[in-house]
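Per this note's numbering, the very first residue in the sequence shown carries number 432; after that it's consecutive. Accompanying notes for the structure given below.
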Amino acid sequence: MELARLPQVPPCGTADRLHGAQIIGCEERGTTLSRETLAEIVLCMTTNFEVSRKENLMTKVFLFVVSFFLFHNVQCQALDTTIEHNDAKIHFKTVGEGRPILLLAGGPGLSFDYLVPVAQGLAKSFRCILVDERGTGKSAVQTYDTTTITVSLTIEDLEYLRNYLGYKDWFVLGSSVGGYVASSYACAYPKSVSALVLVGSAGFNSSLWAYYGANIWCRLLPSDQQLSESWSDSAVVAKDPRHAGMEYLKAILPAFFYDRLNCVRWMPYMKDEWYNLDVANLISHDMAKDDITEKSRAYKNPVLVLQGRQDQVGESMPYIISQTYPNSKLVFINKCGHLPWLEQPKIFYDAVETFLSEKK
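Below, the structure written as structure tokens:
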């Protein structure tokens, strides 16, 4: 059994462009001043001030300082935005202040929504960038097939987003299959990734799928197994793939936790739009084409491999990952499954923040 094969603020305006990308719509929290409004303020200031030649230098300095703080304020705002790249609409959200850290969701096929608690937890120390990877959540392509949904296209989206936001580099945290995507991104653009945090990572290839389903199955109660089988029935999936996919994930979710009660608390928050079964199948298939183990050995920057001791991924995978990267640190968290920020939040955040604070 393979998991992947089972199933009000006005917009900034379509004419607003930055770094060559069209902003489809955005919500800016904090100040309500748009980029256009700030530009008009500065323009008015420069055209309406009439000064003598002696005052000209001081005026220029004054205008520079004012414009710097105005535009810096916009850059530091939280964004909830969609941009276009390579025939896809890519949705992302920013939270917090500090060094930027990109958060990549797993599944494959999941939106960034389940990582929102991670962003909230790190927001006091870092500028967290949550992105719906190509085809997931609010990110969309016109057709979902092997030409539009691939790991390589996803990586190009991420690099484009980094340039769009104007970051020289950023930390990258990948959860589950998001760990594979993060590692692939670091292989392709090592200078863009200053450090990696891999949480319950799927590793460097598709070898996890050989036993991942069995690891999940053996942790479920008979009632969980029966429910998961009913939602993965082909006739049920055909009626509403997205709903069936999410209900299937809910049915097997107890296997992702050390404490079943934590699963029960989290389940009501899960929504159908979090999961795209088409993307899950396409990315799972694409992972089988490229083993990035040898490429990953060349990545020299620091890597934190963070693993719940009771994670259904198993303990062999984090050891393989840690031994592959030449500059890695492996940390196990006891009494913890696949989502350590929900089961052992203090240990999780302390480990991540301590590791990244050393890289600042």
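Quick reminder that beta carbons are idealized off the backbone N, C-alpha and C, glycines included. Quick caveat: nothing in here was measured; it's all calculated off a predicted structure.
Sequence-distant residues of the same chain with beta carbon closer than 7 Å to residue i, five excluded per side
| i | result |
| --- | --- |
| K555 | G527 |
| S615 | V582, I586 and I723 |
| D717 | T581 and V582 |
| S788 | none |
| W697 | L773 |
Residue i (DSSP reduced to helix, strand or coil)
| i | result |
| --- | --- |
| Y780 | helix |
| T577 | coil |
| F786 | helix |
| C618 | helix |
| K520 | strand |
| L584 | helix |
| G597 | coil |
| A626 | strand |
| P771 | helix |
| E515 | strand |
| D709 | helix |
| D563 | strand |
| A536 | coil |
| A571 | strand |
| F543 | helix |
| F557 | strand |
| M701 | coil |
| Y611 | helix |
Own chain partners of residue i with C-beta closer than 6 Å, once the 5 adjacent residues on each side are dropped
| i | result |
| --- | --- |
| V762 | L737 and A782 |
| I683 | I647 and S659 |
| Y780 | G552 |
| P516 | Residue identity differs from the one stated: residue 516 is His in this sequence, not Pro. Excluding positions up to five away in sequence, the list reads D588 and Y591. |
| I714 | P539 |
| C694 | L684, P685 and F688 |
| S542 | D563, T567, G568 and W705 |
| S753 | V736, S759 and L761 |
| A719 | S637 |
| Y620 | E590 |
Beta-ladder partner(s) of residue i, from DSSP
| i | result |
| --- | --- |
| E606 | Before going further, note that residue 606 is Ser rather than Glu in the sequence given. In the DSSP output, where bridge partners are listed per residue, S606 has V630. |
| I714 | I714 pairs with nothing; no bridge assigned. |
| L592 | Per DSSP, none; premise fails for L592. |
| R530 | F557 |
| T525 | I560 |
Own chain, CB closer than 8 Å to residue i, minus 5 neighbours either side, in chain order
| i | result |
| --- | --- |
| L652 | P685 |
| W601 | R530, P531, I532, L533, I560, R593, S623, V624 and S625 |
| T579 | D518, A519, R565, G566, V572 and Q573 |
| K702 | D544 and M677 |
| T755 | F635, T724, S727 and R728 |
| C618 | I723, K726, S727, A729 and Y730 |
| D576 | L713 |
| K766 | Y689, D690, R740, Q741, E774 and Q775 |
| Y642 | G745 |
Near the ligand FAD: residue i beta-carbon under 8 Å from a heavy atom
| i | result |
| --- | --- |
| Y706 | With respect to small molecules bound, the structure shown includes none, and the ligand FAD cannot be examined in it. |
CB contact below 9 Å: residue i versus chain C
| i | result |
| --- | --- |
| L713 | The chain inventory of the structure shown lacks chain C, comprising one protein chain alone. |
Under 8 Å, with one C-beta from each stretch per pair, do the region 591-609 and the region 528-547 reach the 3-pair mark? yes
Which runs of the beta strand (DSSP E) spanning at least 3 residues fall entirely within the region 727-766, listed in chain order? 734-739 and 759-764
In chain order, which beta strand (DSSP E) runs of at least 3 residues are fully inside the region 619-682? 624-630
Using 8 Å as the Cβ pair cut-off and three pairs as the minimum, do the region 737-755 and the region 645-655 touch? yes
Is it true that the region 673-692 meets the region 764-775, where meeting means three or more beta-carbon pairs spaced less than 8 Å apart? yes
Counting pairs of Cβ atoms below 8 Å between the region 724-736 and the region 626-644, do you hit three or more? yes
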